[in-house]
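Take 2 as the starting number for the sequence shown in this note's numbering and just add one per residue.
Ideal Cβ positions, reconstructed from N, Cα and C, are used throughout, including at glycine.
It should be emphasised that the depicted structure is a prediction, and the values quoted were computed from it without experimental measurement.
This report concerns only the one structure given below.
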Amino acid sequence: MEKIIDENKQGEALTLEANAQNTKKLFIESYGCQMNFSDSEVVASILSKEGYNTTQNLEDADLVLVNTCSIREKAELTVRKRLEKYQAVKRKKNPRMKVGVLGCMAERLKSKFLEEEKIVDLVVGPDAYKDIPNLLSEVEEGRNAVNVILSKEETYGDISPVRLQSNGVTAFVSITRGCDNMCTFCVVPFTRGRERSRDPQSILEEVNDLAQKGYKEVTLLGQNVDSYLWYGGGLKKDFEKASEMQKATAVNFAQLMAMVAQAQPKMRVRFSTSNPQDMTLDVVETMANHKNICNYIHLPVQSGSDRILELMNRQHTRAEYMKLIDDIRRIIPDIAISQDIITGFPTETEKDHQDTLDLMNYAKYDYGFMFYYSERPGTMAARKMEDDIPLEVKKRRLAEVIALQHELSHYNTKRFVGKTVEVLIEKESKKSDQEWSGRTEQNTVAVFPKEDYNIGDYVMVTITECTTSTLRGKAVGYSTNN
Ligand code: 5AD
Ligand code: SF4
Numbered sequence: 002m003e004k005i006i007d008e009n010k011q012g013e014a015l016t017l018e019a020n021a022q023n024t025k026k027l028f029i030e031s032y033g034c035q036m037n038f039s040d041s042e043v044v045a046s047i048l049s050k051e052g053y054n055t056t057q058n059l060e061d062a063d064l065v066l067v068n069t070c071s072i073r074e075k076a077e078l079t080v081r082k083r084l085e086k087y088q089a090v091k092r093k094k095n096p097r098m099k100v101g102v103l104g105c106m107a108e109r110l111k112s113k114f115l116e117e118e119k120i121v122d123l124v125v126g127p128d129a130y131k132d133i134p135n136l137l138s139e140v141e142e143g144r145n146a147v148n149v150i151l152s153k154e155e156t157y158g159d160i161s162p163v164r165l166q167s168n169g170v171t172a173f174v175s176i177t178r179g180c181d182n183m184c185t186f187c188v189v190p191f192t193r194g195r196e197r198s199r200d201p202q203s204i205l206e207e208v209n210d211l212a213q214k215g216y217k218e219v220t221l222l223g224q225n226v227d228s229y230l231w232y233g234g235g236l237k238k239d240f241e242k243a244s245e246m247q248k249a250t251a252v253n254f255a256q257l258m259a260m261v262a263q264a265q266p267k268m269r270v271r272f273s274t275s276n277p278q279d280m281t282l283d284v285v286e287t288m289a290n291h292k293n294i295c296n297y298i299h300l301p302v303q304s305g306s307d308r309i310l311e312l313m314n315r316q317h318t319r320a321e322y323m324k325l326i327d328d329i330r331r332i333i334p335d336i337a338i339s340q341d342i343i344t345g346f347p348t349e350t351e352k353d354h355q356d357t358l359d360l361m362n363y364a365k366y367d368y369g370f371m372f373y374y375s376e377r378p379g380t381m382a383a384r385k386m387e388d389d390i391p392l393e394v395k396k397r398r399l400a401e402v403i404a405l406q407h408e409l410s411h412y413n414t415k416r417f418v419g420k421t422v423e424v425l426i427e428k429e430s431k432k433s434d435q436e437w438s439g440r441t442e443q444n445t446v447a448v449f450p451k452e453d454y455n456i457g458d459y460v461m462v463t464i465t466e467c468t469t470s471t472l473r474g475k476a477v478g479y480s481t482n483n
């Protein structure tokens, strides 16, 4: 599963360069994972051709779109609140505004949305964005419109996304959509459908185009990137039926990443998300063989207990996960690894919880994304298991997991103090306009005085101090990568 992005960005309205001929105004905001933020860029691109420029002002908008997340109940409640806000603005200030719901909640609730939320005119699932212009004509004629048909082919590989939230330095490129893993707690396989991979040529074109526009880092994005497989189109599960020719010329994730890294050797390459059951060592070896592939892996584990892993249908054991961590660290000693962990999954005992804490100590994660279990309607866990862990217990266990992660993160950031590391400058530091903020290849944030350096420079920074999540230091010159 893909990482939930920076809390600060959740719900931020997105803007893109205005096209002078466009007269209509689109307000589009996104919640949830990075894939949603990327999808919104695809939607803005589709709508730009329909006469829409983006606005950050709800009161000006002809069309308001919210790209939604269903992963936990809280994410859905946030979206419901936003709909209330749109309703208030529509009533008081902007009666002509139309409202559409995109993304996972649209797929999960389908036309029920129209009944439950009177403000909504348009409901569009994650594979139906190309149909938005048709759906809008319906809406203009006074009918509500819904398209939530999941596709087996759609990857939007032929649409060049407009970079809405961009710092001009780092960008995300989708490589797969959907997920076939069926973890029992997870709604994603229902909202985003079967896994399919995008044509490597269109991925390369997008990366080359980004490089040409001055971007310095690209993150290859998918719910489960390690299971990327291109053999001329089609679902991964049908690969067995492919022709000998298709099999011989197929491209897997390690090969794709090598192609991207070689095409743009001055660009940093990252990827997210890996799942332990699908991650193979050829991916790690490819990372080791290419200097520009960053030494960082997001490797969700969810639980450290074999019994819970099985109930979650994670398809690997605790011992297999530990072996994978050992192998990764053997091949790339200075790797950073991050986790996703869920506390309070049905039937989780104190012993299971302790197993999770022990595994965290073993893996020494650099950071993590931690949640308490939220039952999602329609998932196997919701159908077969009682959500039996009291909320206080879920939250107490989560607090323990977070506290331990803070210790581990601090242990990891301290290791950088006294070292000189390469940092790619992304933006001004939030705390001071005298300082730049960037990331090391391990994905740790580093801040340092600006001097004469600029956004987009690769700089060598000597680290002098750290907090649990941030390094602080002084630049000592440009990296040879510039
Ligand atoms: N409850 C809590 N957390 C969840 N995640 C996915 N589904 C649920 C759920 N039902 C978490 C997993 C996943 C991350 C993106 O969200 O840890 O890796
Ligand atoms: Fe990730 Fe599992 Fe959900 Fe797939 S089913 S998106 S692997 S958590």
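Its chain contains Val65, Val100 and Ile120 as the residues whose beta carbon lies nearer than 6 angstroms to that of Tyr87, once the 5 sequence neighbours on both sides are disregarded; these appear in chain order.
Spatial neighbours of Val163 in its own chain (CB-CB distance under 7 angstroms, excluding positions within 5 residues in sequence) are listed in chain order as Leu17, Glu42, Ala45, Ser46 and Ser49. Taking a C-beta distance under 8 angstroms as the contact criterion, Ser175 and Asp227 do not qualify as a contact pair.
Of the residues Asp434, Tyr366, Glu154 and Met386, the one whose Cα lies closest to the Cα of Ser470 is Tyr366.
Spatial neighbours of Ser39 in its own chain (CB-CB distance under 7 angstroms, excluding positions within 5 residues in sequence) are listed in chain order as Pro162, Phe173, Ser175 and Leu222. Each residue's CA atom was taken as its position, placing Glu85 and Glu108 some 20 angstroms apart. Per DSSP, Ala289 is one residue of the alpha helix (DSSP H) stretching across Leu282 to Asn290.
The closest CA to that of Arg330, considering only Arg308, Asp434, Phe372 and Ile298, is found on Ile298. Inter-residue distance for Glu442 and Cys295 is about 5 angstroms (C-alpha atoms, whole angstroms). C-alpha of Asp307 to C-alpha of Thr185: approximately 15 angstroms in a straight line. Residues Leu59, Glu60, Asp61 and Ala62 of the same chain have their beta carbon placed closer than 8 angstroms to that of Asn95, with the five preceding and five following residues left out of the count.
Taking the Cα of Gln265 as reference, the smallest distance to any Cα among Glu207, Ser71 and Asn37 is reached at Glu207. In terms of side-chain proximity, the C-beta atom of Ser375 is found nearer than 7 angstroms to a non-hydrogen atom of ligand 1. Here Gln224 is near Gly179, since their CB atoms are less than 8 angstroms apart. Distances from the CA of Asp283 to each of Met268, Asp122 and Leu257 were compared; the closest alpha carbon is that of Leu257. At a Cβ-Cβ threshold of 8 angstroms, Leu409 and Met371 do not count as neighbours.
Nearest Cα to Thr357 within the set Leu136, Pro391, Asp388 and Arg319: Arg319. Residues whose Cβ lies closer than 6 angstroms to any heavy atom of ligand 2, listed in chain order: Met2, Cys180, Asn182, Met183, Cys184, Cys187, Val189, Pro190, Gln224, Asn225 and Asn276. The Cβ atoms of Pro334 and Asp388 do not sit closer than 8 angstroms to each other.
Looking at the DSSP output, His354 shares a beta bridge with no other residue. In this model, Glu427 and Ile456 are separated by some 5 angstroms (Cα to Cα). Here Met461 carries a strand assignment [DSSP, helix/strand/coil]. Put simply, the backbone Cα of Thr344 is about 8 angstroms away from that of Val402. Around the beta-carbon of Thr56, 16 or more other beta-carbon atoms lie within 10 Å, marking it buried.
Counting along the chain, Lys395 sits inside the alpha helix (DSSP H) bounded by residues Leu392 to Lys415.
DSSP places Arg109 inside the alpha helix (DSSP H), whose first and last residues are Cys105 to Leu110. By the 16-neighbour rule on beta-carbons within 10 angstroms, Gly369 is buried. DSSP places Asp132 within a helical segment (H, G or I) once states are collapsed to three. In the three-state scheme derived from DSSP, where H, G and I count as helix and E and B as strand, Val252 is classed as strand. Around the CB of Tyr32, 16 or more other CB atoms lie within 10 Å, so the residue is classed as buried. With the rule of 3 Cβ pairs closer than 8 angstroms, the stretch 378 to 395 does not count as touching the stretch 442 to 453.
Going by DSSP, Ala337 is part of the beta strand (DSSP E) stretching over Ala337 to Thr344.
Listed in chain order, the non-local C-beta contacts of Glu77 below 7 angstroms within the same chain comprise Ser71 and Met106, local neighbours out to five positions each way being set aside.
Under the three-state reduction of DSSP output, Thr185 falls in the coil class, being neither helix nor strand.
Secondary structure of Thr441 (DSSP, three-state): coil.
Straight across, the Cα-Cα distance linking Glu376 with Arg83 is about 22 angstroms.
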